[in-house]
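Remarks on the structure that follows.
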Amino acid sequence: MATHAQTHLPFVAEIDGHVVGCAWLFVAQRVPGGGAMDRRFGDVQSVMVREEFRRQGIGAALMAAILAEARDRRLLHVTVHSGRRAVDFYLRNGFTRHRQILIWESAPLDAMMSHA
Ligand SMILES: CC(C)(COP(=O)(O)OP(=O)(O)OC[C@H]1O[C@@H](n2cnc3c(N)ncnc32)[C@H](O)[C@@H]1OP(=O)(O)O)[C@@H](O)C(=O)NCCC(=O)NCCS
Numbered sequence: 002m003a004t005h006a007q008t009h010l011p012f013v014a015e016i017d018g019h020v021v022g023c024a025w026l027f028v029a030q031r032v033p034g035g036g037a038m039d040r041r042f043g044d045v046q047s048v049m050v051r052e053e054f055r056r057q058g059i060g061a062a063l064m065a066a067i068l069a070e071a072r073d074r075r076l077l078h079v080t081v082h083s084g085r086r087a088v089d090f091y092l093r094n095g096f097t098r099h100r101q102i103l104i105w106e107s108a109p110l111d112a113m114m115s116h117a
């Protein structure tokens, strides 16, 4: 947490003083544009609830806290790179699919070698 304190806000879910879940909100800036100087956005990372505490709404509570923070900070938007099985979880918790967000992914090293 200390290493990422400048860029990532940590969120922790606790039950009886024990950490049962956590998540990060990465906050970054777009360059000024469209008449706005302040164009910060967020990216949710590493949402994790301990297995024995899942399906009780803890993940939803973490997401609600993150999106409340995003609203308070007036972030333009928040993205998430979901695991395959968690897509519906994010769709239920305020996220929508977006046609105009595209992604470039680096090829695995062995695939790059076979092109060389
Ligand atoms: C995704 C995750 C954070 C949800 O936490 P949670 O506390 O169980 O969330 P909630 O109780 O609010 O919601 C649970 C719902 O999410 C669904 N879900 C989404 N992703 C899931 C996953 N990877 N494993 C199990 N259930 C998942 C469950 O099916 C459940 O739906 P249901 O109530 O209709 O059965 C938790 O399952 C988890 O830690 N998974 C492993 C890590 C992960 O996949 N993180 C997200 C990718 S970045």
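Taken in order, the sequence shown gives residues 2 to 117; the numbers are from this note's numbering.
Ideal placement from N, C-alpha and C gives every residue a C-beta, glycine not left out.
These numbers come from a predicted model, not from an experiment.
Roughly how many whole angstroms lie between the Cα atoms of residue i and residue j?
i          : j           : result
residue 65 : residue 104 : 26 Å
residue 52 : residue 60  : 11 Å
residue 11 : residue 35  : 30 Å
residue 97 : residue 80  : 10 Å
residue 5  : residue 67  : 17 Å
residue 85 : residue 33  : 33 Å
residue 95 : residue 71  : 12 Å
residue 37 : residue 22  : 36 Å
residue 87 : residue 16  : 23 Å
residue 19 : residue 49  : 14 Å
For residue i, which three-state DSSP category applies?
i           : result
residue 16  : strand
residue 58  : coil
residue 108 : coil
Where do the ends of the beta strand (DSSP E) carrying residue i lie?
i          : result
residue 45 : 41-50
Please list, in chain order, all residues of the same chain as residue i whose beta carbon is under 8 Å from its beta carbon, the five residues on each side excluded.
i          : result
residue 41 : 28, 29, 30, 31, 74, 75, 76, 77
Ignore the nearest five residues each way along the sequence and tell me which others in residue i's own chain have a CB closer than 7 Å to its CB.
i          : result
residue 62 : 14
Curious, which full-length beta strand (DSSP E) runs of at least 3 residues does the stretch 63-96 contain? 79-81, all fully within the stretch 63-96.
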